[in-house]
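Asks:
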């Protein structure tokens, strides 16, 4: 009798522990899902706003197929600082990263006030007066009387395959967020142009995230409705 009672109590305790574990797992899943939603919202809005603020709609960024935006992703600026012979150009450079001839081009403003795109053939450290950041660039084609050069890589942002993704050049689309978005034909997640800004629509709904739809306008920092 005592053994039976002990067994019944043990079963009851195990059932209660299992129920507690299940409740904790659901709670953890909910907290994790909420955190992923907040993080996805933050990353998408901040990233797109940063890319848009440095370019012009229809020229430096263009939307396509309601799920992507192609960009000139500007990464730094060089200001001419010393006399140099073509095709070499001495600049003082500041930016998010060093220029990379393997993937970068330069949008160059010449003394005639016209912007021209040139391929960055080579980039090396070089003297540029006092202070850091001196570099020597080789451009193709060379731009006579260059004044300012904006280094950029071509890329595109996508809401695809369940996540917000970045595709550098012709590479693969790398996820920047958790895969919690509803994406693909006929679903709500979308990126579309609207004048000088973007309409961003994120549809969440993959477990452990409850189904929600988040809409926002993303504007260049210098442009507001």
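In my numbering, the protein residues as written are 489 to 713.
Positions of the beta carbon are idealized from the N, C-alpha and C atoms, including for glycine.
From residue 692 to residue 670, what does the alpha carbon distance come to, in whole angstroms?
Replies: Here the question's residue 692 lines up with position 204 in the chain shown. Here the question's residue 670 lines up with position 182 in the chain shown. Each residue's Cα considered, the two are about 6 Å apart.
Asks: Does any heavy atom of the ligand ATP sit closer than 6 Å to the C-beta of residue 708?
Replies: As far as ligands go, the structure on display features none, and thus does not contain the ligand ATP.
Asks: Going by DSSP in three states, residue 631 sits in which element: helix, strand or coil?
Replies: As a working mapping, residue 631 is identified with position 143 in the chain shown. Coil at residue 631, not helix or strand.
Asks: Out of 569, 525 and 705, point me to the one whose CA is closest to residue 636's CA.
Replies: Position 148 of the chain shown, counting from 1, holds the residue named residue 636. Cα-wise, what sits closest to residue 636 is 569.
Asks: Counting only runs that start and end within the region 517-567, where is the beta strand (DSSP E) found for 3 or more residues in a row?
Replies: 549-552, all fully within the region 517-567.
Asks: Under three-state DSSP, which class holds residue 689?
Replies: Within the chain shown, numbered from 1, the residue matching residue 689 stands at position 201. If DSSP states are grouped into helix, strand and coil, residue 689 belongs with the strands.
Asks: Going by beta-carbon coordinates alone, are residue 586 and residue 621 separated by less than 7 Å?
Replies: Taking the first residue of the chain shown as position 1, residue 586 is located at position 98. Taking the first residue of the chain shown as position 1, residue 621 is located at position 133. Contact flag unset, no.
Asks: Residue range of the beta strand (DSSP E) that residue 681 falls in?
Replies: For this step, residue 681 is matched to residue 193 along the chain shown. Taken as a continuous stretch (DSSP letters only), the beta strand (DSSP E) holding residue 681 covers 678-682.
Asks: Determine the DSSP secondary structure at residue 512, reduced to helix, strand or coil.
Replies: Walking along the chain shown from the start, residue 512 turns up at place 24. Caution is warranted here: a pLDDT of 48 is assigned to residue 512, below 50, making its placement in the model unreliable, and the coordinate value is therefore given only provisionally. If DSSP states are grouped into helix, strand and coil, residue 512 belongs with the helices.
Asks: Could you give the distance in angstroms between the alpha-carbon of residue 612 and the alpha-carbon of residue 603?
Replies: Numbered from its first residue, the chain shown carries residue 612 at position 124. Numbered from its first residue, the chain shown carries residue 603 at position 115. One C-alpha to the other measures close to 23 Å.
Asks: Exposed or buried, residue 701, counting other C-beta atoms within 10 Å across all chains shown (16 or more means buried)?
Replies: For the purposes of this step, residue 701 is taken as residue 213 along the chain shown, with counting starting at 1. So residue 701 counts as exposed.
Asks: Would a C-beta distance cut-off of 7 Å place residue 629 and residue 606 closer than the cut-off?
Replies: Locating residue 629 in the chain shown gives position 141, where the first residue counts as 1. Locating residue 606 in the chain shown gives position 118, where the first residue counts as 1. In contact: residue 629 and residue 606 (Cβ atoms closer than 7 Å).
Asks: If you compare alpha carbons, which of 659, 648, 663 and 660 is closest to residue 673?
Replies: The count along the chain shown starts at 1 and reaches residue 673 at position 185. Of 659, 648, 663 and 660, the residue nearest in Cα terms is 648.
Asks: By how many angstroms is the C-alpha of residue 597 removed from the C-alpha of residue 564?
Replies: Sequence index remark: in the chain shown, residue 564 carries index 76 (1-based). Sequence index remark: in the chain shown, residue 597 carries index 109 (1-based). Taking the straight line joining both Cα atoms gives about 14 Å.
Asks: In the DSSP assignment, what residue or residues form a beta bridge with residue 662?
Replies: Indexing the chain shown from 1 puts residue 662 at position 174. Answer is 654, bridged to residue 662.
Asks: Out of curiosity, what's the CA-to-CA distance linking residue 546 and residue 655?
Replies: In the chain shown, counting from the first residue as 1, residue 546 sits at position 58. In the chain shown, counting from the first residue as 1, residue 655 sits at position 167. So the alpha carbons of these two residues sit roughly 19 Å apart.
Asks: Measure the C-alpha to C-alpha separation of residue 651 and residue 668 and round it to an integer number of angstroms.
Replies: Position 163 of the chain shown, counted from the first residue, corresponds to residue 651. Position 180 of the chain shown, counted from the first residue, corresponds to residue 668. Each residue's Cα considered, the two are about 6 Å apart.
Asks: On the DSSP letters alone, give me the boundaries of the beta strand (DSSP E) that residue 707 sits inside.
Replies: What you label residue 707 is simply residue 219 of the chain shown in a count that begins at 1. Taken as a continuous stretch (DSSP letters only), residue 707 belongs to no beta strand (DSSP E), as it is neither H nor E.
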